[in-house]
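Undergrad:
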Amino acid sequence: MPELPEVETTVRAISSFKNKKLEKVIIHNRNLRWKIEKDLEDLSANKKILNISRRAKYILMQLSDHCLMIHLGMSGKLRIQKRKDNFFKKHDHVEFIFKNEKIIFNDVRRFGSIHITKDVNKHPLIENLGIEPLSKNFNKNYLYKLCNHSDLDIKKLIMDQKKIVGVGNIYASESLFISSISPLRKAKKIKLEDCDKLVKAIKKILRYAIKMGGTTLRDFYSADGSEGYFKLKLNVYGLENEACKRCGQKIKKIVVGQRSTFYCSSCQS
DNA sequence: CTGAGATCCTGTCTGC
DNA sequence: TGCAGACAGGATCTCA
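Numbering (this note's numbering), first residue to last: 60 to 328.
1) Checking 7 Å against the spacing of the C-beta atoms, do L205 and F164 come in under that value?
2) Assuming contact is defined by CB atoms lying nearer than 7 Å, are N228 and R318 in contact in what I supplied?
3) Give a yes or no on whether the C-beta atoms belonging to G132 and G189 are separated by under 7 Å.
4) Just verifying my parser: in three-state terms, what is the DSSP assignment at M271?
5) In whole angstroms, what is the alpha-carbon distance linking I173 and Q220?
6) Can you give me the C-alpha to C-alpha distance between F157 and T69, rounded to a whole angstrom?
7) If we count Cβ pairs, one from each stretch, closer than 8 Å, do we get three or more for the segment 258-273 versus the segment 182-202?
8) Among E82, H125, I86, whose alpha-carbon lies nearest the alpha-carbon of A104?
9) From L99, K77, K79, F76, pick the residue whose C-alpha is nearest to that of H87; which is it?
10) When we look at the beta-carbon of K222 and count the other beta-carbons within 10 Å, is it buried (16 or more) or exposed?
11) DSSP three-state label for D166, please.
12) Quick check: the Cα distance between K107 and Q140, rounded to an integer number of angstroms?
13) When the Cα atoms are used, what is the spatial distance from F147 to D166?
14) Would the segment 173-183 count as touching the segment 198-217 if we require 3 or more Cβ pairs under 8 Å?
15) Go through its chain and collect everything with a Cβ distance to Y230's Cβ below 6 Å, but skip five positions before and after it.
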């Protein structure tokens, strides 16, 4: 599921929990990507949610003196449910219980993770994260500097969370298509004008995907149960052998850094 | 420091 | 139908 737009969509879907009291956390399975800290239940019980936000692909729930960090991994999702509705789905691992409702963390593949920490900005998984692509500081000069001397393929570079956060496999393919850059181009061969196009493409596609409520490819749905409709607008992702919308040539599927990558070899170079 | 590759886990789809 | 193998939107860790 989740790249930046899907996480942002989830954050917005649970934003109504701001200022509500988290009564308790019930953990059914601690074995996520990392084992959930054993004091998480104690530290988060009966704490007011002061703020709900996003950093990179992390959902942050700020409590009075700690911060809950939730990463959805590849298959994680949050689901809002009435507290009295006592049903479970397969792979429901954690429940965040409020007065009338609860938020349930469900994750088939358990690549997601949940942490609690005092100073979220100093958490090892947070402190080395790269720039937010929707921030003003992410501009052509910034990207050009990142590309400078890098031996990485450009697609791997824009997916590197230590450089730029939030761009995953789908939006990497899509933004490279929009900016007519081959995913195989070496980052150090990217010109300033390409950076300009790519930055604009990344911002445009992330904003648009957020507006559409994320991408529903397999089974992404937001915490309120609504689906994302961005899938209707994909240009290359998952469209192997279909005609390029720009030039009509067949879209190719290749592997870059062990990830499926879709592009048009005719109009992306 | 950089970059390549293996790896965690479960479910679904494809091809024989 | 059964079953093996490939593949899935992430990101860390190990090693060269």
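C-beta: ideal position from N, C-alpha, C; glycine also. Only a predicted model underlies this, so the values are computations on that prediction, with no experimental measurement involved.
TA: On the basis of the supplied data:
1) As a working note, residue 205 is residue 146 in the first sequence. As a working note, residue 164 is residue 105 in the first sequence. Cβ atoms of L205 and F164: not closer than 7 Å.
2) Counted from its first residue, the first sequence places residue 228 at position 169. Counted from its first residue, the first sequence places residue 318 at position 259. In this structure, R318 lies closer than 7 Å to N228 by Cβ.
3) As a working note, residue 132 is residue 73 in the first sequence. As a working note, residue 189 is residue 130 in the first sequence. Contact flag unset, no.
4) Within the first sequence, residue 271 is the residue found at index 212, counting from 1. Of the three classes helix, strand and coil, the one that applies to M271 here is coil, per DSSP.
5) Locating residue 173 in the first sequence gives position 114, where the first residue counts as 1. Locating residue 220 in the first sequence gives position 161, where the first residue counts as 1. The alpha-carbon atoms of I173 and Q220 are separated by roughly 18 Å.
6) In the first sequence, residue 157 corresponds to position 98, counting from 1. In the first sequence, residue 69 corresponds to position 10, counting from 1. The alpha-carbon atoms of F157 and T69 are separated by roughly 18 Å.
7) yes
8) Position 45 of the first sequence, counted from the start, is the residue given in the question as residue 104. Closest option to A104, Cα to Cα, is E82.
9) Stepping through the first sequence from its first residue, residue 87 is reached at position 28. Selected option, being the one with the closest Cα: L99.
10) As a working note, residue 222 is residue 163 in the first sequence. Answer is buried; the Cβ neighbour count reaches 16.
11) Position 107 of the first sequence, counting from 1, holds the residue named residue 166. In this structure, D166 counts as strand in the three-state DSSP scheme.
12) Residue 107 sits at position 48 when you count from the first residue of the first sequence. Residue 140 sits at position 81 when you count from the first residue of the first sequence. K107 and Q140: Cα-Cα distance of roughly 19 Å.
13) In the first sequence, counting from the first residue as 1, residue 147 sits at position 88. In the first sequence, counting from the first residue as 1, residue 166 sits at position 107. Near 13 Å, if we compare the C-alpha coordinates of D166 and F147.
14) no
15) Taking the first residue of the first sequence as position 1, residue 230 is located at position 171. Only E62, I264 meet the Cβ criterion.
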